[in-house]
Amino acid sequence: KDLRIGVVGTGAIGRTHIERINNKLQGAKVVACADVNVDFGKSVAEKYDCKFYADGEEMIASDDIDAVIVTTIDPYHEQYVMAAIKAGKYVFCEKPLAPEAEACKRIVEAEVAGGKQLVQVGFMRRYDTGYRQLKAAIENRTYGEPLMLHCAHRNPAVDESYDTPMAVENSMIHEIDVLRWLLNEDYATAEVVFAKNTRRTHANLMDPQIMILTTKSGVRIDVEAFVNTGHCYDIKCEVVCEDAILNLPEPSNIEVCANATRGHAIHSDWSTRFVDAYNTEIQEWIDATKEGRVDGPTAWDGYVGQVTAKAASKARDEKKVVEITFDEMPEFYKK
Ligand code: NAI
């Protein structure tokens, strides 16, 4: 029997999730959707032949659906995740779990109080084949201890609404989650420094920036966020171990020999670079939900990610190294 899903937030990524669930993945159907933009939401419901709700909470509480996907803009994630916890339904929430660490903590507390793990956060890098290969090599200690990581998060361009804090909170938040998962340990400190500004940036954005994190065991990580490269989307992760240097591979493209050049096209944005990761992420969420468990990034991971991002933002604003501190992980999240 198909899992009946309700999607709240029928914007860009919400629609790609509906599309993949209904037309590509197995074991689930989007049977309902909700959005505050009623006219647009209705048109999406019509296109995918599902029931429209102007009120997302009403949809979440309804017997029509078994599980929830939250893809609204960030400030409303908390409201709908809380409604799903209240209804006792599994919920997949796009990253970030909530913009403020305190809101993430409220979600953690509500989930723990409810006594059942229900929440998964949309950190899809964990589902990328290359990162999974890196994790396997690191976990086996095939090449000794990881010592340092050099990473980069590069975009061709961003618009004027993208400002200095967003480099950490919207872009490098992906590295904050996936590197913690790769190394299987928490961070100890954060620092953010600026490079020379590119001519392509604007008044409210320092670009590029470098975030420096240390882990509790002393691994040192640098992440470059350069969001106006003008020419490429490029995700790098180099793990320097005691006995080897490991590099994140990219999904391959055909080699083309033309105009006296041999080479291959690179991905121009996240939607194609990580399309397989999104498909795997949602398929595994569907499978786990049907089996009654959460096996992806948890609400706790969402909370720790926001605490780390806030520490990095403070470090940037105050120009100093900031210690990252949070509560002890509840037993509830220890697998
Ligand atoms: P979008 O702006 O295209 O869509 C957001 C939708 O939410 C809109 O249709 C809007 O009308 C609706 N909405 C706003 N307030 C609402 C409310 N109170 N109740 C119900 N609906 C409401 O945004 P986009 O790009 O689709 O992003 C949505 C979320 O997905 C964001 O949290 C974003 O961070 C996340 N995201 C994650 C990505 C990833 O790499 N995992 C990539 C892109 C987005």
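Heads up: the sequence shown begins at 1 in the working numbering, then just goes up one per residue.
Just so it is clear, CB atoms sit at the ideal spot from N, CA and C, and this is done for glycine as well.
Secondary structure of residue i, DSSP reduced to three states
{"i": "Thr298", "result": "coil"}
{"i": "Leu147", "result": "strand"}
{"i": "Arg292", "result": "According to the sequence shown, residue 292 is Gly rather than Arg. Coil at Gly292, not helix or strand."}
{"i": "His231", "result": "coil"}
{"i": "Gln26", "result": "coil"}
{"i": "Tyr53", "result": "strand"}
{"i": "Gln117", "result": "coil"}
{"i": "Val337", "result": "Nothing about residue 337 can be read from this structure; the chain reaches only from 1 to 335."}
{"i": "Phe342", "result": "Beyond the ends of the chain as shown, which are 1 and 335, falls residue 342; an answer cannot be given."}
{"i": "Ala225", "result": "strand"}
{"i": "Val321", "result": "coil"}
{"i": "Ile254", "result": "coil"}
{"i": "Glu58", "result": "helix"}
{"i": "Tyr278", "result": "helix"}
{"i": "Glu238", "result": "strand"}
{"i": "Ile65", "result": "coil"}
{"i": "Tyr303", "result": "helix"}
{"i": "Ile73", "result": "coil"}
{"i": "Ala157", "result": "coil"}
{"i": "Met124", "result": "helix"}
{"i": "Met211", "result": "strand"}
{"i": "Ala315", "result": "helix"}
{"i": "Ala309", "result": "helix"}
Whole-Å CB distance - residue i paired with residue j, under 8 Å assumed
{"i": "Ala101", "j": "Lys310", "result": "5 Å"}
{"i": "His150", "j": "Glu238", "result": "5 Å"}
{"i": "Asp276", "j": "Pro251", "result": "7 Å"}
{"i": "Arg220", "j": "Met148", "result": "5 Å"}
{"i": "Gly27", "j": "Cys33", "result": "At roughly 19 Å, the Cβ-Cβ gap does not stay under 8 Å, so Gly27 and Cys33 are not in contact."}
{"i": "Glu111", "j": "Gln117", "result": "7 Å"}
{"i": "Val121", "j": "Lys95", "result": "6 Å"}
{"i": "Ile235", "j": "Leu246", "result": "That pair is no contact at about 15 Å."}
{"i": "Phe123", "j": "Pro330", "result": "Incorrect: roughly 19 Å between the Cβ atoms, too far for contact."}
Near ligand 1: residue i beta-carbon under 6 Å from a heavy atom
{"i": "Glu102", "result": "no"}
{"i": "Val30", "result": "no"}
{"i": "Lys89", "result": "no"}
{"i": "Met124", "result": "yes"}
{"i": "Ile69", "result": "no"}
{"i": "Val36", "result": "yes"}
{"i": "Tyr76", "result": "yes"}
{"i": "Ile18", "result": "no"}
{"i": "Lys314", "result": "no"}
{"i": "Gly11", "result": "yes"}
{"i": "Ile73", "result": "yes"}
{"i": "Gly230", "result": "no"}
{"i": "Gly302", "result": "no"}
{"i": "Lys95", "result": "yes"}
{"i": "Gly296", "result": "no"}
{"i": "Gly218", "result": "no"}
{"i": "Gly130", "result": "no"}
{"i": "Gly56", "result": "yes"}
Endpoints, alpha helix (DSSP H) assigned at residue i
{"i": "Ile173", "result": "173-183"}
{"i": "Tyr131", "result": "129-139"}
{"i": "Gly114", "result": "101-114"}
{"i": "Val81", "result": "77-87"}
{"i": "Thr272", "result": "270-273"}
Continuous beta strand (DSSP E) stretch holding residue i: start and end
{"i": "Asn22", "result": "First-last for Asn22: 12-23, but that is the alpha helix (DSSP H), not the beta strand (DSSP E)."}
{"i": "Gly218", "result": "Neither: Gly218 is in no beta strand (DSSP E) and is coded neither H nor E."}
{"i": "Gly41", "result": "Gly41 -> not in any beta strand (DSSP E); alpha helix (DSSP H) instead, spanning 38-47."}
{"i": "His264", "result": "261-264"}
{"i": "Arg4", "result": "3-8"}
{"i": "Leu246", "result": "245-247"}
{"i": "Glu94", "result": "90-94"}
Between the CA atoms of residue j and residue i - distance to the nearest angstrom
{"i": "Arg126", "j": "Ala225", "result": "19 Å"}
{"i": "Glu291", "j": "Leu3", "result": "11 Å"}
{"i": "Pro305", "j": "Ala260", "result": "Correcting the residue identity first, residue 305 is Gly in this sequence and not Pro. Roughly 46 Å separates the two Cα atoms."}
{"i": "Ala167", "j": "Thr308", "result": "13 Å"}
{"i": "Glu175", "j": "Ala87", "result": "32 Å"}
{"i": "Thr72", "j": "Cys104", "result": "16 Å"}
{"i": "Glu323", "j": "Leu213", "result": "10 Å"}
{"i": "Glu185", "j": "Pro146", "result": "12 Å"}
{"i": "Asp207", "j": "Ser217", "result": "30 Å"}
{"i": "Arg141", "j": "Glu284", "result": "26 Å"}
{"i": "Tyr162", "j": "Leu205", "result": "7 Å"}
{"i": "Cys66", "j": "Ile210", "result": "It should be pointed out that residue 66 corresponds to Asp in this sequence rather than to Cys. Roughly 42 Å between the two C-alpha positions."}
{"i": "Met82", "j": "Thr198", "result": "42 Å"}
{"i": "Asn253", "j": "His231", "result": "17 Å"}
{"i": "Gly144", "j": "Val158", "result": "39 Å"}
Minimum Cβ-Cβ distance from residue i to chain D less than 7 Å
{"i": "Pro165", "result": "No chain D appears in this structure, which consists of one protein chain only."}
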